[in-house]
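Residue numbers (the working numbering): 4 to 295.
The beta carbon of each residue, even a glycine, is placed where N, CA and C say it ideally should be.
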Amino acid sequence: MQYGTSSNDEVYSIGVDSSGDVYTAGHTRGDLYETNSGLMDIWVSKHSGVNGSLIWWAQEGTNLNERTFAMDIGHTGDVYTAGFTKADMYGTHAGNGEKDIWLSKRSGVNGSLIWGVQYGTNEDEEVFAVAVDSNDDVYAAGYTTGDLYGSNAGKMDIWVSKRSALNGSLIWGVQYGTSEDDEAHAIAVDTCGDVYVAGHTDGSLYLSNSGYFDAWMSKRSGVNGSPIWGVQYGTSEDDNAHGMALDSRGDVYVAGHTDGSLHATNVGKLDAWVSKHSGVNGSLIWGLQNGS
């Protein structure tokens with residue numbers, strides 16, 4: 004199926020609940036489900052897994068720009084979405100017209116808002132990934148150019164946080180990076196509640212940088228966010244990690260793109276890659292690269 008408005012409509016996240024119904028989330032410049040609030044509004048919808056028919060929808064925003072970049076479905080069927088806002092969406096904007104992070108929880112039954120939180124600094128923040136643990140507490144990750152959970156190391160720092168399923172209150176938040184650009188783009192939580200994060204760095208985050216952007220991956224304690232292990236790898240070209248997943252044994256799968264020969268000889272320009280790593284220490288089990 005296909006749907007939209009006469010303006011720009013984008014979808015960035017998709018998820019499926021235990022009943023097989025499908026959730027999608029993104030942003031729109033038009034009146035996708037109701038009258039647009041100003042510029043770009045966020046939206047989330049639930050469709051039947053049987054035939055794609057619309058079950059519920061929600062659209063909201065401010066008179067400025069909002070984006071949705073991440074979503075996950077909780078074990079109780081509620082839906083968590085996250086993105087950025089440049090206005091007072093779920094709280095007072097931190098200032099300077101930069102991007103604040105927002106995170107919300109909605110009922111999986113009818114899409115009604117359960118809670119929404121907004122936070123940031125007077126610099127730029129974005130969120131690119133969210134994941135829910137067995138208690139429905141929510142983990143998020145992205146980047147900040149400010150002092151969100153600590154002093155900024157230089158340019159873009161990585162941040163990771165854990166928030167309560169009850170009201171979105173902060174349980175813990177960590178910030179770390181190099182003097183160069185460091186971003187988190189993927190997150191996953193294991194059955195013990197520990198959190199895995201992946202992204203790219205222009206610096207020497209866990210090892211000496213190989214050239215330009217290197218891919219990195221880390222494991223952190225779900226209790227307090229303390230590091231358990233971290234790995235960094237790359238070529239003399241750009242290497243980025245954008246997605247990750249865990250298997251039932253706790254091993255980690257990461258995927259992204261490379262300009263170089265990361266796991267095989269580069270075919271031309273941007274090649275896709277996927278790798279499997281040990282959940283115990285992050286060591287590489289295997290890696291594949293392919294392209295056209």
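#1: Between the region 62-78 and the region 31-42, are three or more C-beta pairs nearer than 8 Å?
#2: Could you check what DSSP says for Met-247 in three-state terms: helix, strand or coil?
#3: Could you check if Asp-140 is buried or exposed, using at least 16 other CB atoms within 10 Å of its CB as the buried criterion?
#4: Determine the extent of the beta strand (DSSP E) in which Met-74 is found, giving its start and end residues.
#5: Who pairs with Leu-116 in a beta bridge, going by DSSP?
#6: Below 8 Å on the Cβ atoms is my contact criterion, and I expect Ile-104 with Val-130 to pass it. Report the Cβ-Cβ distance as a whole number of Å.
#7: Which residue marks the beginning of the beta strand (DSSP E) containing Gln-235, and which one marks its end?
#8: Return the Cβ separation of Lys-108 and Asp-81 in integer angstroms, given the expectation that the two are a contact with Cβ distance under 8 Å.
#9: For Thr-238, which option in Tyr-256, Ser-251, Trp-276 has the closest C-alpha, if you only look at C-alpha atoms?
#10: What are the residues that DSSP puts in a beta bridge with Leu-200?
#11: For Ile-45, count neighbouring Cβ atoms within 10 angstroms of its own Cβ and tell me buried if that reaches 16, exposed if not.
#12: Cβ atoms of Ser-224 and Asp-242: under 9 Å apart, would you say?
#13: Can the beta-carbon of Val-53 be found closer than 9 Å to that of Ala-28?
#14: Based on the DSSP secondary-structure assignment, which residues constitute the bridge partners of His-50?
#15: Give the DSSP bridge partners of Ala-258, in chain order.
#16: Just how far apart, CA to CA, sit Leu-291 and Met-220?
#17: Can you tell me which of Gly-114, Gly-77, Asp-75, Gly-123 puts its alpha carbon nearest to the alpha carbon of Tyr-93?
#18: State yes or no: is the beta carbon of Ala-144 nearer than 9 Å to at least one beta carbon in chain B?
#19: Do Ser-278 and the ligand SAM come close, with the Cβ less than 8 Å from some heavy atom?
#20: Just to confirm before moving on: does the CB-CB distance between Tyr-179 and Leu-210 stay below 9 Å?
#21: CB-CB under 6 Å to Gly-77, same chain, minus the five flanking residues each way: which ones, in chain order?
#22: Suppose you measure from the CA of Ala-61 to the CA of Trp-289; what does that come to, to the nearest Å?
#23: May I ask you to report which of helix, strand or coil DSSP gives Glu-63?
#24: Just the C-alpha distance for His-50 and Ser-213, rounded to the nearest angstrom, thanks.
#25: Helix, strand or coil: which one does DSSP assign to Asn-293?
#26: Look at Glu-126 and Asn-99 and say whether their C-beta atoms are less than 9 Å apart.
#27: What's the C-alpha gap between Asn-269 and Asp-217?
#28: Can the beta-carbon of Ile-174 be found closer than 9 Å to that of Ala-144?
#29: One question on the structure: do Trp-232 and Asn-170 come within less than 9 Å of each other, judged by their Cβ atoms?
#30: Starting from the Cα of Tyr-83, find the closest Cα among Ser-154, Asp-150, Leu-116 and give me that residue.
Quick look at the numbers:
#1: yes
#2: strand
#3: buried
#4: 69-76
#5: Arg-109
#6: 5 Å
#7: 230-236
#8: 6 Å
#9: Trp-276
#10: Note that residue 200 corresponds to Val in the displayed sequence, not to Leu. DSSP output for Val-200 lists Ile-190, Ser-221 as bridge partner(s).
#11: buried
#12: no
#13: no
#14: Val-25, Leu-57
#15: Gly-246, Val-277
#16: 17 Å
#17: Gly-123
#18: Of the protein chains in the structure, only one exists, and it is not chain B.
#19: For the ligand SAM, the structure offers nothing, since it holds no ligand at all.
#20: no
#21: Val-135, Asp-139
#22: 42 Å
#23: strand
#24: 44 Å
#25: strand
#26: yes
#27: 16 Å
#28: no
#29: no
#30: Leu-116
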